[in-house]
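Chains P and X, in that order, are what the protein sequence lines are. Quick note: the first sequence uses our numbering, first residue 85, plus one each step. Quick note: the second sequence uses our numbering, first residue 85, plus one each step. These notes are about the structure you will find just below.
Number of protein chains: 2
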Amino acid sequence: MSASTTSTEAHPAELLAIDAGQTGIKTRLRLADGTTHDDLFAGVLTDRPLLPQLAEVAESIVRTAGTAPATLTLGVSGLTDAQAEAEALLQRPDLAGILRVVATHDSVTSFLGVLGDRFGSVVAAGTGVVTLGVGPQHSVRVDGWGHIMGDAGSGYWIGRAALDAVMRAYDGRGPATALTDIVRERWPDLDLAYPQLQASHDRVRTVASFAAATAVLAADGDDVAGGICRDAARELALAATTSLRMAEAPGDAAVGAVGGVFGSELIRSEFTAAVNAERPDARFVPPMGSGLDGAVALAGLGAQHPLRERFADVRRA
Amino acid sequence: MSASTTSTEAHPAELLAIDAGQTGIKTRLRLADGTTHDDLFAGVLTDRPLLPQLAEVAESIVRTAGTAPATLTLGVSGLTDAQAEAEALLQRPDLAGILRVVATHDSVTSFLGVLGDRFGSVVAAGTGVVTLGVGPQHSVRVDGWGHIMGDAGSGYWIGRAALDAVMRAYDGRGPATALTDIVRERWPDLDLAYPQLQASHDRVRTVASFAAATAVLAADGDDVAGGICRDAARELALAATTSLRMAEAPGDAAVGAVGGVFGSELIRSEFTAAVNAERPDARFVPPMGSGLDGAVALAGLGAQHPLRERFADVRRA
């Protein structure tokens, strides 16, 4: 008798939830007896086809557990066609036991993890940033348009502004800043910083890596770094208030702010002040749970929930 | 008797000048009798090694002409180590007849083409932008730090700002703008614009391609497009005035503005006004010649010229 047969007979799997971000893919398998098994895989590569990456993770878990879950839920970074991905996952031979797939963008699972089924806005600001607003009737997405044309206030945005400020100080267009020492640690000859960065295969992450030091220098009183962090906070607040307005959320709606950028106390407090200037009654709430909790919640959300318009929910015929 | 022997005996080549830009590589071969032969090759790829690309062009011309020029001069986009490139070119077996190589960044040949040996500032603004200032004692470079951390006011900078403004109008953060129709011609579904742009192998050129339409809409009175163009003009003016100040150029120094961005009358006039606000006596001058003329001029520049510090000038031992 194989281990997998034992496992299936003992505890059939109810749900496999996947939170697929660029930094890591987190998974949770829930069995019929209520026990859960969490796992972590390497992050999703958003410039390659998503399906093989998601399928490989799901198949690996099903293989190990020896049981296919009735429901598979996914929140995926970079997902642009949830319907197509959900249907394609149901077609994978190794996932034949799955009866239902619910797929959505990771901004939705992030929202559900932070606010659950409450109305409000969640700003998730890491290397990129995406904001989701949910009101009684509908939900809206604000920004999350990537490092070239969007992601205002994100880690990339802050790092890019820091590099720009360093080069302005270097050629005489801008004031001196302690950011220069930070950037020189990476590129001692500033003349060569830009060709080396442009030739790098990891440009986005490299640029965003300067955000943390920028926040530290801002807290230490560097004017240039402080200006960048305050501008970032205002961009994040604009996204939050815009999402509340566009989603027609109630005046006392909840606001959640998650992600590495909010690790800066300066950015967090400027963000709160800027949101309150526009929305005095907004309630800032700590996250109820993680994006993985949000992926679990996907399975149980009512058919009338305003976020349902952002899901693909596919059942086997 | 071969054609090349005939050619060499009749008219030995004095000079081969190369202006190697990203759009095209322009060459001029000057023979002892004063006649010149111009040619055009595909543009230099700045994310690949430069030497093979430059050597191939020079070798092809030497082969066709049947005579190696005494002097080879080059202005090269993306050049970061002129000394190494110049020495390596002298080592190529097929360029054995060349006695001297002068190599520099294309911002230097652009300056020489526009202002010749006068003091002043040249702003060259196309997809990217680089500004050079020359005073009696020394020369300075301002910006030209590439599309990620620099190139303020360039075609890329304008196009990126236009895309950002379109997405802000789309998600409710910003005012409506006619730029939206332009961007929708390329990406009818704006939700998909950013993943498609990020996956493109021609991102920089694609972004910069929106600059021309932005200038047209600005001239037509679109407020958002107008704001972007005025901001760009101020960035370009800041680079010009900074370069004059850092190079300690005289008050009545010449200012040259070249490149596609200055094809916008709005940008050109805002640029002039902003430079004059800081430098009332600056003289705006039309270009004396092209970047290729500047590459030719490289060969004859005196040893005391302030731009000499930006050259590699290598002679065969």
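Ideal Cβ placement from N, Cα and C applies to all residues, glycine included.
> Where does the unbroken beta strand (DSSP E) through E98(X) begin, and where does it stop?
Replying inline: Counting along the chain, the beta strand (DSSP E) containing E98(X) begins and ends at A97 to A104.
> For T326(P), which residues in chain X fall below 8 Å Cβ to Cβ?
Replying inline: Here the neighbours are D255, G256 and R257.
> Once you ignore the five residues that flank A295(P) on each side, which residues in its own chain have a CB closer than 6 Å to its CB?
Replying inline: These residues qualify, in order along the chain: G239, I242 and G243.
> Which one of P96(P), Q137(P) and E98(P) has the shortest CA to CA distance from I109(P)?
Replying inline: Residue Q137(P) is the option with its Cα nearest to I109(P).
> Quick one: does I232(P) have its CB under 8 Å from some CB of chain X?
Replying inline: Chain X has a Cβ within less than 8 Å of the Cβ of I232(P).
> Which residue's Cα is closest to the Cα of D123(X): V146(X), D131(X), L135(X) and L129(X)?
Replying inline: Of all alpha-carbon atoms in V146(X), D131(X), L135(X) and L129(X), the one lying nearest the alpha-carbon of D123(X) is that of V146(X).
> Within this structure, are the beta carbons of T215(P) and A104(P) separated by less than 8 Å?
Replying inline: Cβ distance not < 8 Å, so T215(P) and A104(P) don't count as in contact.
> Alpha carbon to alpha carbon, how far is R132(P) from P371(X)?
Replying inline: Looking at the two C-alpha atoms, the distance is approximately 47 Å.
> Which residue's Cα is closest to the Cα of T298(X): I351(X), L100(X) and A126(X)?
Replying inline: Of the listed residues, the one whose Cα sits closest to T298(X) is I351(X).
>> Less than 8 Å between the C-beta atoms of M233(X) and G234(P), yes or no?
In response: In terms of Cβ geometry, M233(X) and G234(P) do not form a close pair [threshold 8 Å].
> Per DSSP, H189(P) forms a beta bridge with which residues?
Replying inline: For H189(P), which the question treats as bridged, DSSP gives the partners V160(P).
> Going along chain P, which residues have a C-beta under 9 Å from P279(X)?
Replying inline: The contacting residues are T130, D131, G162, T164 and G230.
>> Runs of 4 residues minimum, wholly inside the stretch 347 to 375 of chain X: which ones carry the alpha helix (DSSP H) assignment?
In response: Those alpha helix (DSSP H) runs which fall completely within the stretch 347 to 375 of chain X and span 4+ residues are 349 to 362.
> Does the distance from the C-beta atom of S205(X) to that of E393(X) stay below 8 Å?
Replying inline: If you check the CB distance, S205(X) and E393(X) do not come in under 8 Å.
> Going along chain P in order, which residues have a C-beta closer than 9 Å to the C-beta of D248(X)?
Replying inline: Neighbours of D248(X) in chain P, taken as residues at a C-beta separation under 9 Å, are given in chain order as W229, I232, M233, G234 and A236.
>> Within 8 Å, do at least three Cβ pairs link the stretch 254 to 274 of chain X to the stretch 207 to 214 of chain X?
In response: By the Cβ test, the stretch 207 to 214 of chain X is not in contact with the stretch 254 to 274 of chain X, since fewer than three Cβ pairs between them sit closer than 8 Å.
> How big is the Cα-Cα spacing for A309(P) and A209(P)?
Replying inline: Going by the C-alpha atoms only, they are around 18 Å apart.
> Using Cβ-Cβ distances below 7 Å, what residues of the stretch 290 to 304 of chain P are close to chain X?
Replying inline: Of all residues in the stretch 290 to 304 of chain P, V291 have a Cβ within less than 7 Å of some Cβ in chain X.
> Are the Cβ atoms of G347(P) and V198(P) separated by less than 8 Å?
Replying inline: Using a Cβ distance threshold of 8 Å, G347(P) and V198(P) do not count as a contacting pair.
>> For P272(X) and L163(P), what's the separation of their Cα atoms in angstroms?
In response: For P272(X) and L163(P), the distance between alpha carbons rounds to 18 Å.
> If you draw a straight line from the alpha carbon of H121(X) to that of L274(P), how long is it in whole angstroms?
Replying inline: A direct Cα-to-Cα measurement between H121(X) and L274(P) gives close to 39 Å.
> Roughly how many angstroms lie between the CA atoms of A396(X) and L301(X), to the nearest whole one?
Replying inline: Rounded to whole angstroms, A396(X) and L301(X) show a C-alpha spacing of 44 Å.
> What's the C-alpha gap between L391(X) and A381(X)?
Replying inline: So the alpha carbons of these two residues sit roughly 12 Å apart.
> Taking the C-alpha atoms as reference points, what is the distance between H95(X) and T111(X)?
Replying inline: One C-alpha to the other measures close to 18 Å.
>> Which same chain residues end up closer than 7 Å to G219(P) when comparing Cβ atoms and leaving out the 5 residues on each side of it in sequence?
In response: For G219(P), same chain residues with a beta-carbon under 7 Å away, outside a window of 5 residues either side, are F203, A331, E332, A333 and P390 in chain order.
> Since L276(P) meets chain X, which of its residues come closer than 7 Å, beta carbon to beta carbon?
Replying inline: Within chain X, the residues near L276(P) are T164.
>> Quick check on T109(P): does DSSP put it in helix, strand or coil?
In response: Checking the displayed sequence, the identity of residue 109(P) turns out to be Ile instead of Thr. When secondary structure is reduced to three states using DSSP, I109(P) falls in the strand class.
>> DSSP three-state label for L61(X), please.
In response: With chain X represented from 85 up to 401, any question about residue 61(X) goes unanswered, as that position is not in the structure.
> At which residues does the beta strand (DSSP E) containing V214(P) begin and terminate?
Replying inline: Here the beta strand (DSSP E) through V214(P) covers V213 to V218.
>> Suppose the cutoff is 8 Å on Cβ atoms and the five residues either side in sequence are ignored; what does the same chain contact list for A152(P) look like?
In response: Apart from sequence neighbours up to five positions away, the residues of its chain that approach A152(P) with a beta-carbon distance below 8 Å are A97, V146, L179, A180, G181 and I182, ordered along the chain.
>> Against V226(P), what residues of chain X qualify as contacts under a CB-to-CB distance less than 8 Å, listed in chain order?
In response: Within 8 Å of the CB of V226(P), the CB atoms of chain X belong to D255, G256 and R257, in sequence order along the chain.
> Excluding five sequence neighbours on each side, which residues of the same chain lie with their C-beta closer than 6 Å to the C-beta of R184(X)?
Replying inline: Within the same chain, R184(X) has close Cβ partners T155 and R399.
> To which residues of the same chain is T89(X) closer than 6 Å at the C-beta, ignoring the five residues directly before and after it?
Replying inline: Annotation note: pLDDT 39 at T89(X) (below 50); position unreliable, coordinate value reported separately. Excluding residues within five positions, none has a Cβ falling inside 6 Å.
> What are the boundary residues of the alpha helix (DSSP H) that H231(P) is part of?
Replying inline: Start and end: G230 to M233.
>> So that I know if they touch, is there some Cβ in chain X lying closer than 8 Å to that of L322(P)?
In response: Taking Cβ atoms only, chain X reaches closer than 8 Å to L322(P), which makes this a yes.
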